[in-house]
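Written below as structure tokens is the structure these notes are about.
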Amino acid sequence: MSDSQPQQPSPSPRSGNGNAAAAEATTLLLAGARLTDGRTVDVRLGGGRIQAVGTTGSLSSPVLNRVDLSGYLLLPAPAEPHAHGDTALTADGDGPVSYAPDEVQRRATEAALLQLGHGATAMRSHVRIGDVHGLGPLAAVLQARRSLRGLADLTAVAVPRLLTGVAGADGLAMLRDAVKMGASVIGGCPDLDPDPTGFLEAVLELADEHGCPVDLHTDGDDPARLARLAAMAGGLRPGVTVGPCGGLSRLPLDAAARAADQLAAAGVRVTCLPQGDCAALERRGLRTAPVRLLRAAGVRVAAGSGALRDAGNPVGRGDPLEAAYLLASQGGLRPAEAYESVSACAREAMGLPEVRVEAGFPAELLAVRGDGIAGVLSLAYSRIVIHRGRVVARTSAVREYCDSAVAVALDLPRQGRTEAGP
2 MSDSQPQQPS
12 PSPRSGNGNA
22 AAAEATTLLL
32 AGARLTDGRT
42 VDVRLGGGRI
52 QAVGTTGSLS
62 SPVLNRVDLS
72 GYLLLPAPAE
82 PHAHGDTALT
92 ADGDGPVSYA
102 PDEVQRRATE
112 AALLQLGHGA
122 TAMRSHVRIG
132 DVHGLGPLAA
142 VLQARRSLRG
152 LADLTAVAVP
162 RLLTGVAGAD
172 GLAMLRDAVK
182 MGASVIGGCP
192 DLDPDPTGFL
202 EAVLELADEH
212 GCPVDLHTDG
222 DDPARLARLA
232 AMAGGLRPGV
242 TVGPCGGLSR
252 LPLDAAARAA
262 DQLAAAGVRV
272 TCLPQGDCAA
282 LERRGLRTAP
292 VRLLRAAGVR
302 VAAGSGALRD
312 AGNPVGRGDP
322 LEAAYLLASQ
332 GGLRPAEAYE
342 SVSACAREAM
352 GLPEVRVEAG
362 FPAELLAVRG
372 DGIAGVLSLA
382 YSRIVIHRGR
392 VVARTSAVRE
402 YCDSAVAVAL
412 DLPRQGRTEA
422 GP
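By my numbering, the letter at position 11 of the sequence shown is numbered 12, and the numbering carries on one by one without gaps.
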């Protein structure tokens, strides 16, 4: 089971030439886009997929809707594998956080739209269940998912607090109800349960029963616990992801390397949070997982944003390109590897189809003003987001300098100019 199950386009009730006209009317031409290999191309989209990629001008047609991407780099869209829509945008509130269903739905929807504006066309939101709020926050996030249909794909991870002992019996029953309600991923924080091994057993058994992926919070600072997790999770389909694993960076190098080898052998993926831990782990540490060490061991590493202006990070941006920027500037990854962590690796961790800027692939794309990956990670201001072959968000930035001798001498770049005043 993947995070997202895209709806197929509804067939047109017309036939013959009417069908052809309808298809042409929904076809989009991305003109003059630069690719990462340096080519400048036109890209035709239709039916939610990339139909053709050709040299500039080769795909033109007067009936096509056209978007001029001159000066933009066209990339597979990023995805957000680790969000918290139920707690997002709560850092500035007065008093206790409200978990009234309408408030949670509003926050989850607004957070998803912010992430969409940054370029993420699919998001995985971890939602706490149990305690005094029961399944209310999950129901609200699922309602937000329905309201966002056609704009972005939002899926929910059910995150119980306790699953073992007397106190955990209610949590396990609630987790089963959460899956029935529509939570497509099973999560949780085994580190916070009095019996972490029992917690893992319960989660993996339920996931195997329902064919759900597993996505767990763990600091990763206990090598023995990680070894047990790897041994128990190996072979589970559709797979197990853990994160943010910042504690791995605090372990001795040899212990961290052994843990990485064990995770790789079990096929367990890691989602790191370059901005820092999220509130679910109660800010145990702010170091990012050792991404280079994990990748060298063969672990598939995705990068997420985590906290979006909540108790975990009051200034979190929810921007995949910022996560990639941090991995490139501080994590030791090359810019292309860093972007892959928020795009291909994130989509893979979420069970989503691969995206390439080639014919036949899903039209999940991000155009960013700039010439190359390093440039767009450094100055990712203007963005055009495409979901299922349709432009769903635009962000435009214009930088202008006042008239001066130095501006003229250096021919400083401008994206736009205002008319001279009276």
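C-beta: ideal position from N, C-alpha, C; glycine also. Note that the coordinates shown come from a computational prediction; the quantities given were computed from them, not determined experimentally.
Between G305 and A325, the beta carbon gap of about 11 Å keeps them out of contact (Cβ cut-off 8 Å). Using a 10 angstroms sphere on the CB of R45, the tally of other CB atoms reaches 16 or more, which defines it as buried. Per DSSP, reduced to three states, the secondary structure at H218 is strand. Within its own chain, the residues whose Cβ lies closer than 6 Å to the Cβ of P77, once the five positions on either side in sequence are excluded, are S344, V356, listed in chain order. Excluding the 5 residues flanking it on each side, L117 has same chain C-beta neighbours closer than 7 Å at L152, A153, V386, V393, A394, in chain order. Exclusion of the five residues before and after T37 leaves L74, L76, A337, G373, I374 as the residues of its chain whose Cβ lies within less than 8 Å of its Cβ. By the C-beta criterion, the stretch 137-152 is judged to be in contact with the stretch 95-108, since at least 3 inter-stretch pairs fall below 8 Å. Under the three-state reduction of DSSP, C346 is assigned to helix. In the displayed model, P363 falls within a strand according to three-state DSSP.
Closest by C-alpha distance to G166, out of A32, M182, P275, T198, is T198. Per DSSP, I374 is not a residue of any beta strand (DSSP E); the alpha helix (DSSP H) it occupies stretches across 374-379.
DSSP, reduced to helix, strand and coil, places G169 within a helical segment of the structure shown.
Using a C-beta cut-off of 8 Å, the stretch 305-320 makes no contact with the stretch 198-212, since fewer than three inter-stretch Cβ pairs fall below that distance. Taking one beta carbon from each stretch, the stretch 244-251 and the stretch 211-223 have 3 or more pairs nearer than 8 Å; the two touch. No Cβ-Cβ contact shorter than 8 Å links E359 with H388. Assigned with DSSP and collapsed to three states, E401 falls in coil, not helix or strand. Bounds of the beta strand (DSSP E) holding G189 are 186-189. For S126, the enclosing beta strand (DSSP E) covers residues 123-129.
Non-local C-beta neighbours of R177 in its own chain, meaning closer than 8 Å and more than five positions away in sequence, comprise L207, ordered along the chain.
DSSP places P275 in the coil class of the three-state scheme, outside both helix and strand.
In this structure, DSSP gives Y382 a state outside helix and strand, which the three-state scheme calls coil.
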